[in-house]
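Count along the sequence shown from 1, add 1, and you get the number used in our numbering. We put the beta carbon where it would ideally sit given N, CA and C, even for glycine. Here is the structure we will look at, set down as structure tokens.
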Amino acid sequence: MLHEVMIDGIKYVPQATIQPTDDATLRAALHELVSLHYFGQWHKAQGVTGLVIEMLSPELSKVMESDIGAAFERTSSTD
């Protein structure tokens with residue numbers, strides 16, 4: 002589990018940069034997701050979505066492996 006840092010009562014979570022993706026990466030990620038629907042292989046959904054996250058943001062995937070809550074917070078909108 003990743004360490005939680007509190008400064009002046011504010012919890013800081015590990016950063017995971019989500020880089021812009023190129024067309025090939027985005028197309029491959031979308032193909033994986035569409036394949037779930039096409040083949041109806043819902044038993045593979047967790048693995049495939051994990052693969053897609055790794056394709057789109059390797060750093061975020063590493064955070065997920067150690068602290069899913071931190072990854073969730075990192076991707077939650079602050080608006």
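For Lys45, no alpha helix (DSSP H) encloses it, and the DSSP letter there is neither H nor E. Under DSSP, Ile11 shares a beta bridge with Ile8. Ser58 and Asp9 have their C-alpha atoms spaced approximately 30 Å apart. Taking a cut-off of 8 Å on C-beta distances, the stretch 35 to 50 does not touch the stretch 58 to 71, as fewer than three cross pairs fall below it. Comparing alpha-carbon positions, the option among Pro21, Met56, Asp23 lying closest to Leu34 turns out to be Met56. If you look at Ser58, you'll find it isn't in any alpha helix (DSSP H); DSSP assigns it neither H nor E.
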